[in-house]
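Worksheet: the structure to be examined is printed underneath.
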Amino acid sequence: MDFPELVDRGYLNAIVEHNSMSFFVHNGRLMGLQYDLLNYVSKRWNLKINQIVVNDLSEALPLVAFDTIDILTSDITILPNRYPCLEFSIPLYKTKMVLVLYDSINPSSKIKNFSELNIESLQNKSIAVPSMSIFINYLNKLKDSLKINFSIRELSEEPESILDSVMNKKIYATVMDEKILIVNTPLLLNTSSYYLPYPSFDIGWAFSCHQPILRDSINELLLYLKKNGILNFLLNKYQKPIYINQSNQLTAHSKRTKKLTPYDKILKKYGKEYGIDWRLVAALIYSESKFNVNAISSKGAFGIIQIMPATADIYGITAQSSIDEQIKVSFKILDNYKITLKQFFKHEKDLYKAMIASYNLGLGHILDAINLAIKYDGEIYNWEHVSKWLLNKAQKKYYSDPIVRNGYCNGRLTVYFVNIVYDTYENYVQLI
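For what it's worth, the working numbering labels the leading residue of the sequence shown as 587, then goes sequentially.
So, in structure tokens, the structure goes:
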């Protein structure tokens, strides 16, 4: 299936790597170089992008080469004949290989020239790298040229996890992309780093050789982003050290702190109490307020859960209520919707979407759509089926139907909102 068929299908499947440059969550917000670039692909062709996190290159390469996945965006090194039936995009950027050693005596975050390395420090040591990494070939060349003995250990882990093991003295050394190392500079402890004596190499995306039109179409877009300075802007945005706040603490960062939001602890507490995935509520709150505790909408909804004043009165909270109290109320509201709606949906995915829609539009309109679906179709198939009847409530024929209790509504924005929240939730689930 090449690009015209993929456009007709309406979505692309793309592998992304969960790291601090490519794809991560920062204070609830999905971010990253590859995430932003894929958004340009989505907007250019009006395609939904299914981002699938695969951190093991040995797993990712065959998925793309043999057409299971459409695009591999995992900061892959462009090399001819790297893998059967694998082709590459134009280069996105260049990078260098860096050897990172455990060093508690003279640690430094500065990357030094290879000539400054004490070669003997590698004797009989083990250097760990991700499986199927190009670093393996270069390390073998280095071993031969230096006439020194060290072992190369392949791990089914991504570079930042291996870096953490080096800092914790579980592994003596690793080799990694200079750009990823620079992003992690504020977090470095007990390490020293050295450029390997090899030229820089190109990084890009990968495609199956069976999809030349997809490759050429994506390349055309990437060239446009390069020409207009957009790619350079994104590179400058993401290829710099992770943000550390004034108290020298890393803010909520899915990769480096294993947190989605500043309020994960509260969300997890009430998620367990009410039996609702806390990541769903995190996605809902992010979409409602971006976790801005002072947010007030044009309709008067307030706080991080964007609750309307009338509903707030029912649940006994005000704009001055604590974050804990506000989040608890969001779970209470969703739990009430869950109790009412679970009889109509067999699968959790559909139930969750109906709960999100109820939170956004009101339970009454969702029940109207359910009743219309039952009346005209005899049964309910899934949320997508119900959402079509929600959209039909903008037509007089249906909003004036005797079975409808809440009258007219334009459900288009709610259907869109549900898709946004649930897509965010699915990404959260992959990352935490």
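The beta-carbon is built from N, C-alpha and C at its ideal position, and this holds for glycine as well.
In the DSSP output, which residue or residues are listed as bridge partners for Lys-680? Bridge partners of Lys-680: Asp-788.
Can you give me the C-alpha to C-alpha distance between Leu-937 and Ala-651, rounded to a whole angstrom? If you take the alpha carbons of Leu-937 and Ala-651, they lie about 36 Å apart.
Secondary structure at Lys-711, three-state DSSP: helix, strand or coil? coil
Quick one: give me the first and last residue of the beta strand (DSSP E) that Leu-598 is part of. 597-602
CA nearest to the CA of Glu-603, picked from Ser-737, Leu-624, Glu-591: Comparing Cα positions, the closest option is Leu-624.
Which term fits Cys-795, buried or exposed, when burial requires 16 or more other beta carbons within 10 angstroms of its beta carbon? The residue is exposed, with fewer than 16 neighbouring Cβ atoms inside 10 Å.
Taking the straight line between their C-alpha atoms, what separation do you get for Asn-605 and Asp-653? 24 Å
By Cβ distance below 7 Å, which residues in the same chain neighbour Asn-735 in space, the five residues on each side in sequence not counted? Gln-709, Asn-710
Between the beta-carbon of Tyr-679 and the beta-carbon of Lys-634, is there less than 7 Å? no
Counting pairs of Cβ atoms below 8 Å between the stretch 761-772 and the stretch 665-676, do you hit three or more? no
Simplified DSSP assignment, three categories, for Ser-833: With a pLDDT of 45 at Ser-833, under the threshold of 50, the predicted position of this residue should be treated as unreliable, though the coordinate-derived value follows. In the structure shown, Ser-833 sits in coil (DSSP, three-state: anything other than H, G, I, E or B).
Across the stretch 974-985 and the stretch 802-817, are there enough close Cβ pairs to call them in contact, namely three or more that are closer than 8 Å? no
Measuring CB atoms only, is the stretch 781-791 touching the stretch 841-859, in the sense that at least three cross pairs come out at less than 8 Å? Cβ pair count under 8 Å is below three, so no.
In angstroms, rounded to a whole number, what distance separates the CA positions of Pro-693 and Phe-609? 28 Å
Over the uninterrupted beta strand (DSSP E) stretch that includes Met-607, give me the two end residues. Run containing Met-607: none; DSSP gives neither H nor E here.
What do you get for Gly-993, buried or exposed, if any count of 16 or more other CB atoms within 10 angstroms of its CB means buried? exposed
Quick check on the DSSP output: the alpha helix (DSSP H) that includes Phe-1003 runs from which residue to which? 998-1017
So, is Phe-819 buried or exposed, given that buried needs 16 or more other C-beta atoms within 10 angstroms? Counting C-beta atoms within 10 angstroms of its own C-beta, Phe-819 has fewer than 16 neighbours from the protein chains shown and is therefore classed as exposed.
Does Thr-904 pass the burial test, meaning 16 or more other C-beta atoms within 10 Å, or should it be called exposed? With fewer than 16 other Cβ atoms within 10 Å, it is exposed.
Ala-759, DSSP secondary structure in three states: strand
The stretch 916-924 touching the stretch 956-969, judged by at least three CB pairs closer than 8 Å: Too few Cβ pairs lie closer than 8 Å, so no.
For the stretch 735-744 against the stretch 630-646, do three or more pairs of beta-carbon atoms, one drawn from each stretch, fall closer than 8 Å, so that the two count as touching? As far as the Cβ criterion goes, the stretch 735-744 touches the stretch 630-646, which means the pair count is three or higher.
Arg-739 and Ser-712 look like a contact to me (Cβ under 8 Å); what is the Cβ gap, rounded to whole Å? Indeed, because the Cβ distance is near 5 Å, the residues count as touching under 8 Å.
Going by DSSP in three states, Ser-908 sits in which element: helix, strand or coil? coil
With DSSP as the reference, please indicate the residues paired to Phe-793 in a beta bridge. Glu-673
Put Ile-738 into one of helix, strand or coil per three-state DSSP. strand
Excluding the 5 residues preceding and the 5 following Gly-790 in the sequence, name in chain order all residues of the same chain whose CB lies nearer than 7 Å to its CB. Ile-662, Ile-664, Phe-674, Ser-675, Ile-676, Pro-677, Leu-678
Which residue spans inside the stretch 863-917 form an unbroken alpha helix (DSSP H) run of at least 4? 864-875, 895-901
At which residues does the beta strand (DSSP E) containing Thr-637 begin and terminate? In the sequence under discussion, the amino acid at residue 637 is Gln, which differs from the Thr named in the question. Run containing Gln-637: 634-639, per the beta strand (DSSP E) assignment.
Select from Met-894, Lys-914, Asn-754, Lys-826 the residue whose C-alpha is nearest the C-alpha of Asn-770. Lys-826
Tyr-688 bridges to which residues according to DSSP? Thr-777
Taking just the CA atoms, how far does Val-639 sit from Asn-1013? 9 Å
If I'm right that Arg-991 touches Leu-977 with Cβ under 8 Å, what's the distance once you round it to whole angstroms? No, Arg-991 and Leu-977 are not in contact; Cβ-Cβ is about 18 Å, not under 8 Å.
Roughly how far, in whole angstroms, is the beta-carbon of Ile-966 from the beta-carbon of Phe-930, given that I think they are within contact range, below 8 Å? About 5 Å separates the beta carbon of Ile-966 from that of Phe-930, a gap short enough to meet the 8 Å contact definition.
Three-pair Cβ contact test at 8 Å for the stretch 933-948 versus the stretch 998-1009: Per the Cβ contact rule, the stretch 933-948 is in contact with the stretch 998-1009 (3 or more Cβ pairs under 8 Å).
Taking just the CA atoms, how far does Tyr-856 sit from Lys-914? 6 Å
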